[in-house]
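A.B. asks: So that we are looking at the same thing, I have put the structure below in C-alpha cells.
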Amino acid sequence: MARRVMIKGNEAIAMGAIEAGCRYYFGYPITPQTDIPEYLAAVLPKMGGTFLQAESEVAAINMLMGAAATGARAMTSSSSPGISLKQEGISYLAGSQIPGVIVNMSRSGPGLGGIHPSQGDYFQSTRGGGHGDYRTLVLAPSTAQENYDLTMLAFDLADKYRNPVMVLGDALIGQIKEPVELKAYRKKPKAKPWALTGAEGRHGQILKSLFLADGELTDHNWLLDKKYKSMEKEVRYETYRAEDAKMMLVAFGSVGRILRTSVDILRDKGKAVGLMRPITLFPFPTKAVRQTAEAAQVLLAMEMSTGQMVEDVRLAADCACPVDFYGRPPGSIPTPDELAKEAMKVWRKRGLK
Amino acid sequence: MQQVFDRPKSLKDVPYHYCPGCHHGVIHRLVAEQIDAFGLQNKTLAAASVGCSVLMYDYFDVDVLESPHGRAPAVATGLKRAMPDSFVFTYQGDGDLAAIGTAEIVHAANRGENITVVFVNNAVFGMTGGQMAPTTLEGQVTTTSPYGRSAATDGLPIRVCELLSTLEGTSYIARVAVDNMKNLKKAKAALKRAFTYQTKGWGFSLVEFLSSCPTNWKMTAEEANARVGKEMAAYFPLGVYKDVRAN
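One line per chain: the protein sequences are A and B, in this order. Using my numbering, the first residue of the first sequence is number 1, and each one after it goes up by one. Using my numbering, the first residue of the second sequence is number 1001, and each one after it goes up by one.
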C-alpha cells in the first residue's frame, strides 16, 4: 500500500524526483524553492547520487546538461529570477535534444520582485523562454500530490521526447504542507543510444545545437517542430463541476486550486459555473478549451498576473464564445470569496441567468 | 619501409577549418596523441566550447558535448559527476574561458573537479573577427581596441595560470607554447602530466597554450608564430605553475 505522508510541496517535488530515479541534482538557493535542494543535499549522497550546489543558476543548468548527456536522470530547480538565468541552458538542451527536468517554483517579478506566489512566468515557460524556435513541455501542479506525481511524469516525458520539461509551480504550491500519497515508480527506463558514454565499440558521437551547413538548421528546426506537435497527445487538464456550466473559469496551478472553492460558493448561489484547469501549459489543451467555449456562454480566465494564459485561452476559444479576464498581479494571494465576487461581476456583465 | 609518424587514432582524417598558421591544429594533435597514449579514446567525454574550436568534434573521434559560451567547465562537471570513470576534458579559447566563462572555470577549479582543461590563449576573439579578449596584450590593436588596448580604460590582460594557481582546489597548472620544437616537447610533457593527474584521480589540471592567430593579428604565419615566443611569452611566462604531486 502506498505510504501517506504530511509534507511540503517542495519536498514532494524532491521525493518524486528520487522515486523517478533522479540521482543528479544541480542547483542554487533561492526562495521559495530552497527546500528542494536542502532535501536533496541530505538524501542524494546517501544513495550514491550527486547533489552539487553550483556557483550560479547558469552553471547549474549546464551541469545538468552534462549529466543528462550521459543518459542519467538529472534535475535542477529554481525560482523566477534564477529561471531567467537558466534560459540559455534550456535553449541549448532543446537544441541538442537533451532531456532534463527544470522546476520553477515561481515568485513575483519583474526583476527582484518579491517572494509572493505569481503566475507571471507563464510566457517565459510556454514560449520557449530562451533564444530560438523551441518549446519546453510545461506541467503545472496545483497540490503537493501533483508535485510528486508530475515530477515523476516530467522525467518520463523528458526522456520520451529528449526535451527539457518544466514543472511550473509557485510559492504557494511549494510552501503548502499537505498529505501526499507516495506511489512507487514502476516504469523501466529505456536505453538511450544517443547518450555520451565513451565511444566503446563505436565512433565518437556528438550532441550539439550548431548547424552551419546550408539548410541543415532548417531541417533540424522542422524536426524539432514535428516533435513539439507530437507532444499534443500529452495534453492534460482537469474540469470541476463543468456539466451544464454557463460560465467556465479557466485557471492553472494555485489559482486553479483556489477557484474550486469559488466554484462551490457560486454553485451554492445557484450559478452554473464550472472550472477548467490546464495541467499541461505546453502543450496547451487547445481542443478541450475550444469544446468548452462551444458549450459555455462565457469563459473567464483568472490568473495571478496581468494576463498571460488568457492569450492561449482566446486563441483556443477562437471566438466560439466571449473570453473575459480577471488578473491579480502578485503581492497578495486572492481568496476564494474575492475570486467568486469577480466572477459574479462577469456573470452580470454578460447577462447570464 | 618503416613508418615512424602517423595520425593519432582519436583524430579523424579530415581537413581542418582552421586558418593557415593557427596553432589549433598542432594542439589538437598533441591532445589526441595523449588520448591514444593513455588508451582513453573509448572513455573520453569532451566538452566543446564556443569560438573557433567549437568544431573540434569534427576532428576528434570521441564523444563530445557542445557547451554554451564559457560554460564548458560546468558541462564537464556534470559529465564527470555522472561518469566518474570517464576521461573528461574541456577545450576552450580565451574569449570562452577568461571572459564570459570566468565564473565557471574559477569554481570548477576551486571545487577540484577531476577534469582536464585545455586552454588555448591567442589573445583575441578569433571566431567573431578579432575583438579584444581579456588576454589581449596592452597596446594590441583589435577591432574593438582600435587604438590599442589601454590599461586605463580596458584593464590589463588576465594571467589565468597565475590566477587559478592561487586556488586550493587546483592540482596541476602549466603554461606552454608550440612556437618551436623545444616548446612543443615541453607542451607534450605538460599534457601528459595533466592526463596523468586526471587518470590517477589527483584533481583539476589545466594546460594553457599560447597560440597564434595570424588572421586576426593581421600577420603572416611566421610573424604570428614569432610573436607568441616574444611578446606573448614575455607577459605570459611559460612554465609549470603548480604540480602538487611533484616528487
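Positions of the beta carbon are idealized from the N, C-alpha and C atoms, including for glycine. Since this is a predicted model, take the numbers as computed values, not measurements.
Indicate whether at least one CB of chain A lies closer than 8 angstroms to the CB of F1038(B).
C.D. replies: Answer no: the Cβ-Cβ gap between F1038(B) and chain A never drops below 8 angstroms.
A.B. asks: Would you grab the beta carbon distance between A199(A) and V1062(B) for me? Rounded to a whole angstrom, and I think it's under 8 angstroms.
C.D. replies: That belief holds up - the Cβ atoms of A199(A) and V1062(B) are roughly 6 angstroms apart, short of 8 angstroms.
A.B. asks: Please determine, among E55(A), I90(A), A288(A), the residue with the shortest C-alpha to C-alpha distance to S209(A).
C.D. replies: Minimum Cα distance to S209(A) is reached at I90(A).
A.B. asks: Per the DSSP calculation, L207(A) is bridged to which residue(s)?
C.D. replies: Per DSSP, L1065(B).
A.B. asks: Is it the case that the Cβ atoms of K1118(B) and T1090(B) are separated by a distance below 8 angstroms?
C.D. replies: Here residue 1118(B) is Val; the residue named in the question, Lys, does not match the sequence. Going by C-beta atoms, V1118(B) is nearer than 8 angstroms to T1090(B).
A.B. asks: Excluding the 5 residues flanking N221(A) on each side, which residues of the same chain have their C-beta closer than 7 angstroms to its C-beta?
C.D. replies: Within the same chain, N221(A) has close Cβ partners D133.
A.B. asks: Going along the chain, which residues of its own chain have a beta-carbon closer than 6 angstroms to the beta-carbon of V138(A), five neighbours each way excluded?
C.D. replies: For V138(A), where only same-chain residues beyond five positions count, the Cβ hits under 6 angstroms are S125, T126, M166, L168, L281, F282.
A.B. asks: Are there 16 or more other CB atoms within 10 angstroms of the CB of M309(A), so buried, or fewer, so exposed?
C.D. replies: M309(A) is buried by the Cβ-count criterion.
A.B. asks: Answer yes or no: does any C-beta atom of chain B fall closer than 8 angstroms to that of S108(A)?
C.D. replies: Judged by the 8 angstroms Cβ criterion, S108(A) is not in contact with chain B.
A.B. asks: So with CB distances below 7 angstroms, who are the chain A contacts of S1067(B)?
C.D. replies: Going along chain A in sequence order, the residues near S1067(B) (Cβ under 7 angstroms) are N62.
A.B. asks: Report the option in A60(A), L157(A), P81(A) whose CA atom is closest to the CA atom of L1079(B).
C.D. replies: Nearest option by C-alpha distance: A60(A).
A.B. asks: Would you call the segment 78-94 of chain A and the segment 1058-1078 of chain B touching, i.e. three or more CB-CB distances under 8 angstroms?
C.D. replies: At 8 angstroms Cβ cutoff, the stretches touch.
A.B. asks: By the 10 Å Cβ neighbour count, where 16 or more other Cβ atoms means buried, how is S1150(B) classified, buried or exposed?
C.D. replies: The residue is exposed, with fewer than 16 neighbouring Cβ atoms inside 10 Å.
A.B. asks: Suppose you measure from the CA of P179(A) to the CA of T197(A); what does that come to, to the nearest Å?
C.D. replies: Their backbone Cα atoms lie some 40 angstroms apart in a straight line.
A.B. asks: Which stretch, first to last residue, makes up the beta strand (DSSP E) that contains L1045(B)?
C.D. replies: That run of the beta strand (DSSP E) goes 1044-1048.
A.B. asks: If I36(A) and N10(A) are in contact, beta carbons under 8 angstroms, what's the gap, nearest whole angstrom?
C.D. replies: That pair is a contact at about 5 angstroms.
A.B. asks: Got a sec, what are the start and stop residues for the beta strand (DSSP E) T76(A) sits in?
C.D. replies: Segment 74-78, the beta strand (DSSP E) holding T76(A).
A.B. asks: I need the straight-line Cα distance from S77(A) to G174(A), nearest angstrom please.
C.D. replies: Spanning the two alpha carbons is a distance of roughly 11 angstroms.
A.B. asks: Which stretch, first to last residue, makes up the beta strand (DSSP E) that contains E55(A)?
C.D. replies: Premise fails: E55(A) is in no beta strand (DSSP E) and is neither H nor E.
A.B. asks: Output the boundary residues of the beta strand (DSSP E) element that contains S1171(B).
C.D. replies: Element bounds for S1171(B): 1170-1177.
A.B. asks: Do A1133(B) and G1095(B) have their C-beta atoms closer together than 8 angstroms?
C.D. replies: Closer than 8 angstroms, so yes.
A.B. asks: Using only CA atoms, which one of A1046(B), A1221(B), I1105(B) lies nearest to F1087(B)?
C.D. replies: Nearest option by C-alpha distance: A1046(B).
A.B. asks: Beta-carbon separation of Y240(A) and L275(A) under 8 angstroms?
C.D. replies: In contact: Y240(A) and L275(A) (Cβ atoms closer than 8 angstroms).
A.B. asks: Spell out a yes or no on whether the segment 114-122 of chain A and the segment 331-339 of chain A are touching, meaning 3 or more CB-CB pairs, one atom from each, closer than 8 angstroms.
C.D. replies: Touching, per the Cβ criterion.
A.B. asks: At the level of alpha carbons, what is the spacing between A171(A) and P141(A)?
C.D. replies: Computed Cα separation, rounded: 12 angstroms.
A.B. asks: Quick check: what's the CA-CA separation for L300(A) versus P29(A)?
C.D. replies: The alpha-carbon atoms of L300(A) and P29(A) are separated by roughly 36 angstroms.
A.B. asks: At 4 residues or longer, and completely inside the segment 264-339 of chain A: list those alpha helix (DSSP H) runs for me, N to C.
C.D. replies: Counting whole runs of 4 or more residues, the segment 264-339 of chain A contains the alpha helix (DSSP H) stretches 286-295, 309-317.
A.B. asks: For the alpha helix (DSSP H) that contains L1079(B), what are its first and last residues?
C.D. replies: Its alpha helix (DSSP H) spans residues 1072-1082.
A.B. asks: Establish whether the CB of V1141(B) and some CB of chain A are separated by less than 8 angstroms.
C.D. replies: V1141(B) does not count as touching chain A.
A.B. asks: Helix, strand or coil, according to DSSP, for F1038(B) in the structure here?
C.D. replies: Residue state, collapsed to three classes: coil.
A.B. asks: Among A288(A), G253(A), S79(A), whose alpha-carbon lies nearest the alpha-carbon of E303(A)?
C.D. replies: Checked all of A288(A), G253(A), S79(A); the closest Cα to E303(A) is G253(A).
A.B. asks: State the Cα-Cα distance for the pair K229(A) and G100(A), rounded to the nearest angstrom.
C.D. replies: Spanning the two alpha carbons is a distance of roughly 19 angstroms.
A.B. asks: Thinking just about the alpha-carbon of each residue, which of V1178(B), P1157(B), L1156(B), E1138(B) is nearest to the one in G1148(B)?
C.D. replies: It is E1138(B) whose Cα lies nearest to the Cα of G1148(B).
A.B. asks: By the 10 Å Cβ neighbour count, where 16 or more other Cβ atoms means buried, how is F51(A) classified, buried or exposed?
C.D. replies: Answer is buried; the Cβ neighbour count reaches 16.
A.B. asks: Between the alpha carbons of T218(A) and F211(A), how many angstroms are there, rounded?
C.D. replies: The alpha-carbon atoms of T218(A) and F211(A) are separated by roughly 9 angstroms.
A.B. asks: So, using beta-carbon positions, are A1194(B) and T1116(B) closer together than 8 angstroms?
C.D. replies: Yes, the pair counts as a contact, with Cβ atoms nearer than the cut-off.
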